[in-house]
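Note sheet for the following structure.
In the numbering used here, the protein residues as written are 579 to 695.
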C-alpha cells in the first residue's frame, strides 16, 4: 500500500508557472496512468496559457476563486467546482483570490507534454 501525505511533498514550479506539490505521481510512487497534485496560485497570479497534447486534466477547486479560460471560453470558478480540460485544449487560470486546487492528469503530468504558443 502506498500512502503519501501532502505535507511531506516539496513544492516545485511547473512549466506553466503554478506552484505544485505532487501527491501521487511517477516521482514518488509506482504510478502508471495518472497523477494527482495540489496547485496554489496567489491572488492575481495566473498560469501561462498552454495545452497538453497527451494528458487530459481535471482541476478541483478547494479554496479561493478565479477565472478559468478553456480555449476561448472564460468562467468564474470557486470551491467545489470541477473542471475538465481535454487533451489539446488551451487553458489558463487566474486567481482573483488566493487559490488552492487539485490537478489530476492522465497520463501523468510531464513538463515535456506542456506546450505554449
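Don't be surprised by glycine CBs; every beta carbon is placed ideally from N, CA and C.
TODO: Leaving out five residues on either side along the sequence, give the residues of the same chain with a beta carbon under 7 angstroms from the beta carbon of residue 678.
DONE: The count along the chain shown starts at 1 and reaches residue 678 at position 100. The residues are 616, 618, 640, 641, 642.
Task: Close Cβ partners of residue 655 (< 6 angstroms) along its chain, the five nearest in sequence each way excluded - done: Working through the chain shown from its first residue, we reach residue 655 at position 77. Excluding sequence neighbours, residue 655 sits near 639, 644, 646.
Open item on the list: For the beta strand (DSSP E) containing residue 644, name the first residue and the last one.
Closed with: Numbered from 1 along the chain shown, position 66 holds the residue referred to as residue 644. First-last of the beta strand (DSSP E) with residue 644: 644-648.
Task: Beta-carbon proximity of residue 670 to residue 608, cut-off 8 angstroms - done: Along the chain shown, read from residue 1 onward, the residue named residue 670 stands at position 92. Along the chain shown, read from residue 1 onward, the residue named residue 608 stands at position 30. The answer is no: Cβ separation not under 8 angstroms.
Task: residue 614, buried or exposed, once every other Cβ within 10 Å from all chains shown has been counted against 16 - done: Taking the chain shown and counting its residues from 1, the one referred to as residue 614 is at position 36. Its Cβ being crowded by 16 or more others within 10 Å, residue 614 is buried.
Open item on the list: Just to confirm my understanding: we take residue 597, look at its own chain, exclude 5 residues before and 5 after, and list those with CB closer than 8 angstroms. What are they?
Closed with: Your numbering for residue 597 matches position 19 in the chain shown. Only 589, 590, 591, 617, 618, 619 meet the Cβ criterion.
Open item on the list: So residue 672 and residue 637 are supposed to be a Cβ contact under 8 angstroms. How far apart are they, rounded?
Closed with: Counting from one through the chain shown, the residue named residue 672 turns up at place 94. Counting from one through the chain shown, the residue named residue 637 turns up at place 59. Going by Cβ atoms, the distance from residue 672 to residue 637 rounds to 13 angstroms, so no, they are not a contact pair.
Task: Limits of the beta strand (DSSP E) - the one that residue 669 falls within - done: Counting from one through the chain shown, the residue named residue 669 turns up at place 91. Its beta strand (DSSP E) spans residues 669-673.
Task: Same chain, Cβ closer than 8 angstroms to residue 595, neighbours up to 5 away in sequence not counted - done: In the chain shown, counting from the first residue as 1, residue 595 sits at position 17. Result list for residue 595: 623, 624, 625, 626, in chain order.
Task: Unbroken beta strand (DSSP E) run spanning residue 585, endpoints - done: As a first step, residue 585 must be located in the chain shown, where it is residue number 7. Taken as a continuous stretch (DSSP letters only), residue 585 belongs to no beta strand (DSSP E), as it is neither H nor E.
- [ ] Following the continuous beta strand (DSSP E) through residue 636, name the residue where it begins and the one where it ends.
- [x] Taking the first residue of the chain shown as position 1, residue 636 is located at position 58. Residues 634-641.
TODO: Measure the alpha-carbon distance for residue 606 versus residue 681 and round it to whole angstroms.
DONE: Locating residue 606 in the chain shown gives position 28, counting from the first residue. Locating residue 681 in the chain shown gives position 103, counting from the first residue. Whole-angstrom Cα-Cα distance: 16 angstroms.
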